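In the UniProt record's numbering, the protein residues as written are 1 to 347. First the structure, in the form of structure tokens, and then the observations on it.
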Amino acid sequence: MTDQYRKTILRRCNELALRARGKTSTNPNVGAIILNPTTRKIRSEGWHQSFGGPHAEINAIQGIHKKESIKGNTIAVSLEPCNHSGKTPACTRAILENKITQVVIDQVDPDPRMQSQSLELLRKQGVDVSPPLSSPEGDIVLQPFRINLLKKRPYIRLKMAISADRFIGRKNEQVKISNALSNRWVHRIRNETQAIMAGTNTLLNDNPQFTSRYGNEHQPIPILLDRNGVLPSHLRVFHNRTRPIVVTLNKESDYPGTRVYKDPHDLSATFQSLYQHNIGSILIEGGSTFFTSLFKENLWDELMIIQNSTLNLGSGILAPEFPAGESVQDIKLGSDNIRCIKNSKCR
């Protein structure tokens, strides 16, 4: 297999992996392809679709008719195959049982305890294992899982809309800042994130639904920070199909959904508790004070700033001071400019 073809195949594996972004909880997004090494024909594709479900390699193997053999075929995977049994059998076992003779991967397992162990096992069993590609695209796909694994918290994405003069709204008044195109873009971001979080002030002032209207069945889990239990039950977020998780100290509340009894002011402990509840990624749509606290404690991984270049509010609630970070994407949608920043300190 030439280097260029290997890059092409693994790029496709990473594309497949992203099909389930936000839907695999604390499991990694992984894509896999089975191909004939002689003809280079792709015989099957698979990706890890849900937490606790079959891994990408198994889905790819099962995509080939039972009467057909995959003996001597190549499997390409965006992440090193697992070598442990839990909710699902070990993928290395499936590779060996089906007599696959070549394994091509992009990223090694980020867990220091497991890193490269599967590759060594497969090599000892006579499987041709290529060196990991370690592509930048694959690193981006794996980053949420790496944060989950090493920091024991969800991957945290922040979104804020600001006016041209850097205001995020006015007190006791709803102000539309981003345009319809940006709103559509935000719904896509919600769709590829497991949960969506906001504090008490945002919930009381805006009464958001926190749904994704992007076009498929996935809905983010609302996570509500309500330290003293003051949120009224008529809020729209309590009447969604997806039940919320409420982080509170008030044990007398009778919210629908799940309660996590932590002090929301202790952000680090809150995120660790949510990780223990299998929350792998969170989109936070909060206010200036909340974001400032997150920046101060370095509890963020992505920051998306939507700035309406034609709207000047003149007064109101100022946006926080945004951290420098690493600018990774700039998008223009009509009057809105979207800047996407990664936290280089959390790599």
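Cβ atoms here follow ideal geometry from the backbone N, Cα and C, with glycine treated the same way. Model, not experiment: these values are computed from the prediction.
Taking 7 Å as the cut-off, the beta carbon of ASN308 is found closer than this to the beta carbon of SER335.
One alpha carbon belongs to ASN343, the other to HIS187, and they sit about 22 Å apart. Inclusion of ALA17 and ASN27 in the CB contact set at 7 Å is not warranted, their separation being larger than that value. When HIS55, THR8, ARG19, TYR255 are compared, the shortest CA-CA separation from THR193 is found for ARG19. LEU225 is positioned such that its CB atom lies closer than 7 Å to that of VAL247. By the criterion of a C-beta distance shorter than 6 Å, ASP106 is surrounded in its chain by LEU10, SER78, LEU133, SER135, GLY138, once the five residues flanking it on both sides are discounted. Assignment of beta strand (DSSP E) within the UniProt domain "CMP/dCMP-type deaminase" (4-121), counting only whole runs of 3 or more residues, yields 31-35, 42-47, 74-79, 102-107 in chain order. Out of LEU318, CYS13, PHE322, SER44, the CA that lies nearest to the CA of PHE167 is found in LEU318. Per DSSP, reduced to three states, the secondary structure at LEU303 is strand. Per DSSP, VAL246 is one residue of the beta strand (DSSP E) stretching across 245-247. Here the alpha carbon of PRO89 sits roughly 42 Å from the alpha carbon of LYS296. For ILE61 and VAL108, the gap between their C-alpha atoms comes out near 21 Å.
Residue pairing for GLU326: DSSP places it in a beta bridge opposite LYS342. ALA180 counts as exposed, since fewer than 16 other beta carbons sit within 10 angstroms of its beta carbon.
The C-beta of VAL328 has fewer than 16 other C-beta atoms within 10 Å across all chains shown, which makes the residue exposed.
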